[in-house]
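Worksheet: the structure to be examined is printed underneath.
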Amino acid sequence: MRAALLALLPLLALAACRQAPGELQLKDAWIREAPADGPMAGYLRIDNGLPEALRCDKASSPDFGAVEIHRSALENGMSRMLRDQVIEVPARGQALLQPGDYHLMLFRPQRPLKAGDSASVTLLCGSRHASAEFTVRAP
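Quick note on numbering: the sequence shown equals residues 570 to 708 in my numbering.
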């Protein structure tokens, strides 16, 4: 019996490391490559497996000096970027951050980032948070 339990330990450890369905998850995360030291834009899909809607209003990263939530908008024929945005994620639903819409603005990279590199970003949604590795892609 003890041997069987010991054999299960690695499987239990793997299961504990996976993010279970029914939680906040960040998927398909990527950053558009930009000139050295310039701001970068991050995109992703937010999956909310929870039974309640979430309001995501902050983000942080050890790889950037500041992270802000922005939305691109067309006003009077001009494209504008609006900051201090809140991303609403419906219960058991998704929100998509994509070019031309909601996105993360990543300011003051702490190291040079080029295509193929990755950076960690954490999104805060009320009392919940989730992190992801964002892959840098060439424009």
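The beta carbon of each residue, even a glycine, is placed where N, CA and C say it ideally should be.
Given the structure is predicted, the values throughout are model-derived calculations rather than measurements.
Coil, strand or helix - residue i by DSSP
i, result
"residue 707", "coil"
"residue 663", "strand"
"residue 679", "coil"
N-terminal and C-terminal residue of the beta strand (DSSP E) that residue i is part of
i, result
"residue 603", "Element bounds for residue 603: n/a, residue is neither H nor E."
"residue 617", "609-617"
"residue 626", "623-629"
"residue 689", "687-694"
Of the listed residues the options, nearest to residue i (C-alpha basis)
i, options, result
"residue 710", "608, 617, 675", "The first residue shown for the chain is 570 and the last is 708, placing residue 710 beyond what the model contains."
"residue 656", "666, 630, 674", "666"
"residue 683", "593, 595, 599", "599"
"residue 680", "653, 605, 592", "605"
"residue 609", "701, 633, 640, 658", "633"
"residue 662", "603, 625, 597, 615", "615"
Within 7 angstroms, strictly: CB atoms of residue i and residue j
i, j, result
"residue 651", "residue 642", "yes"
"residue 613", "residue 699", "no"
"residue 687", "residue 704", "yes"
"residue 628", "residue 673", "yes"
"residue 694", "residue 619", "no"
"residue 601", "residue 708", "yes"
Spatial neighbours of residue i in its chain, beta-carbon cut-off 8 angstroms, leaving aside the 5 residues before and after
i, result
"residue 621", "660"
"residue 637", "628, 652, 653, 673, 674, 676"
"residue 631", "679, 689"
Close-in-space but distant-in-sequence residues of the same chain around residue i (CB under 6 angstroms, 5 per side omitted)
i, result
"residue 592", "618"
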